[in-house]
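Below: the structure, in structure tokens.
Residue numbers (my numbering): 2 to 433.
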């Protein structure tokens, strides 16, 4: 088995981090506060940031690879906190493509939210540099009404996933309250977190009481507040405060949910340029499915979509930490590219560009503080960085303007990213 794993990683990529890289004369967004450090040097050694300071104060070693950051902005890498990775039964090329599409779009951390056998090997391969990938934190196979039917089954499944080494437990709909509680109590006993959906029989308030750490998609909030009207302001503020007190986190995935509610524009969906990074069969299937969805769209879809923006704004303003996520790959949701659409939505909902960027950088580092140190441009942090040609604090769309990405100290300039994207496009064009 180990031989097979090693062979797979060697086939994926021969990736090694340069010893030392210096970003010189760059504008730094450290993300410890809303500020820009102008004309700075950021020095990276191995997979760590070792120095951040004015250009005159940081000496650049002779052996360093120098990246001229004049007129550019350097920020921490972003995160996809509700992402998916193809099962190992899928073609190797597809797994490579998905992981690279995340990285090409400045995503240096992915929290995979539906585990498959063999994926823990991918996590290890990413960490050791044997595969070109964001750092992966992976939920195990989900807990749902189809996978566990009794409290004892839930406890046993939790024990097994902890023993296997998964990073968290994933909750899907369909669990009855007794089974959910058994999972939650066993997770607490074993020291592993759990997150995802809110099963209907459980309800949002009880899930908060039981210690669910992340609430993904905000569907539980819509259900709690009612979908037949705008959220009652007092009820909304009460559940925001309850969420904050519980120490829970929110992963909105809002752009995809507009599709599920039938309020997305089909012409916009089918004309997205990033669809070239998936198969024509996928696009055709998604188009048929969405046309059917439009024919059966719930009449309260537009109101629910509007409510989601109100809820997200209230949660953010109320001090509940938001985590950037999109639920890609999904229908019309291409890894990496989907995040760029998500951040624009978050600004439309009323969050500031800085608040949005915090959700994908500093907050993610806080969430994973027991795993590693990252999320800021600061000494000792993991060297996950994105170099931009414009300032995203002024316009969030600047995160589209990527000049290069650093993954754990491994620098990928724009030319390398474009060359690999062209290979992925060509592979999908061959009807895979």
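We put the CB at the ideal spot given by N, CA and C, even for glycine.
For residue i, which of helix, strand or coil comes out of DSSP?
i	result
residue 431	coil
residue 3	Since pLDDT at residue 3 reaches only 34, below the 50 mark, its modelled position is unreliable, and the value read off the structure follows with that caveat. Helix.
residue 166	coil
residue 287	helix
residue 331	strand
residue 199	coil
residue 32	coil
residue 117	coil
residue 77	strand
residue 276	helix
residue 389	strand
residue 384	coil
residue 366	helix
residue 175	coil
residue 58	coil
residue 325	coil
residue 298	coil
Could you spell out where the beta strand (DSSP E) holding residue i opens and where it closes?
i	result
residue 407	403–408
residue 171	169–172
residue 41	38–46
residue 340	Where residue 340 is concerned, there is no enclosing beta strand (DSSP E), although the alpha helix (DSSP H) it sits in stretches over 338–349.
residue 50	49–55
residue 508	With the chain represented from 2 up to 433, any question about residue 508 goes unanswered, as that position is not in the structure.
residue 69	66–69
Determine the closest residue to residue i out of the options, with distance taken between C-alpha atoms.
i	options	result
residue 399	413, 233, 345, 249	345
residue 421	151, 171, 278	278
residue 289	333, 81, 191, 30	333
residue 119	142, 108, 135, 155	142
residue 139	45, 129, 71, 117	117
residue 363	26, 285, 34	34
residue 426	280, 251, 380, 111	280
residue 406	101, 61, 250	101
residue 431	20, 95, 353	95
residue 103	326, 293, 175	326
residue 355	366, 392, 44	392
residue 225	247, 213, 200, 212	200
residue 98	77, 135, 71, 72	135
residue 27	60, 50, 71	71
residue 365	383, 132, 202	383
List the whole-angstrom C-beta distance separating residue i from residue j, where the pair is believed to meet the contact cut-off of C-beta under 8 Å.
i	j	result
residue 215	residue 252	6 Å
residue 174	residue 146	7 Å
residue 30	residue 394	7 Å
residue 169	residue 194	5 Å
residue 248	residue 217	At roughly 16 Å, the Cβ-Cβ gap does not stay under 8 Å, so residue 248 and residue 217 are not in contact.
residue 107	residue 312	That pair is no contact at about 27 Å.
residue 305	residue 262	5 Å
residue 172	residue 144	6 Å
residue 51	residue 380	6 Å
If I follow the unbroken alpha helix (DSSP H) through residue i, where does it start and stop?
i	result
residue 359	354–361
residue 267	267–271
residue 376	Residue 376 -> no alpha helix (DSSP H), and no H or E assigned at all.
residue 306	302–318
Every unbroken alpha helix (DSSP H) inside the stretch 190–264 [4 residues or more]:
Qualifying alpha helix (DSSP H) stretches, in chain order: 205–210, 220–226, 234–247, 255–261.
Start-end ranges of the alpha helix (DSSP H) lying completely within the stretch 86–165, minimum 4 residues
Fully enclosed alpha helix (DSSP H) runs of 4 or longer: 93–105, 120–128, 152–165.
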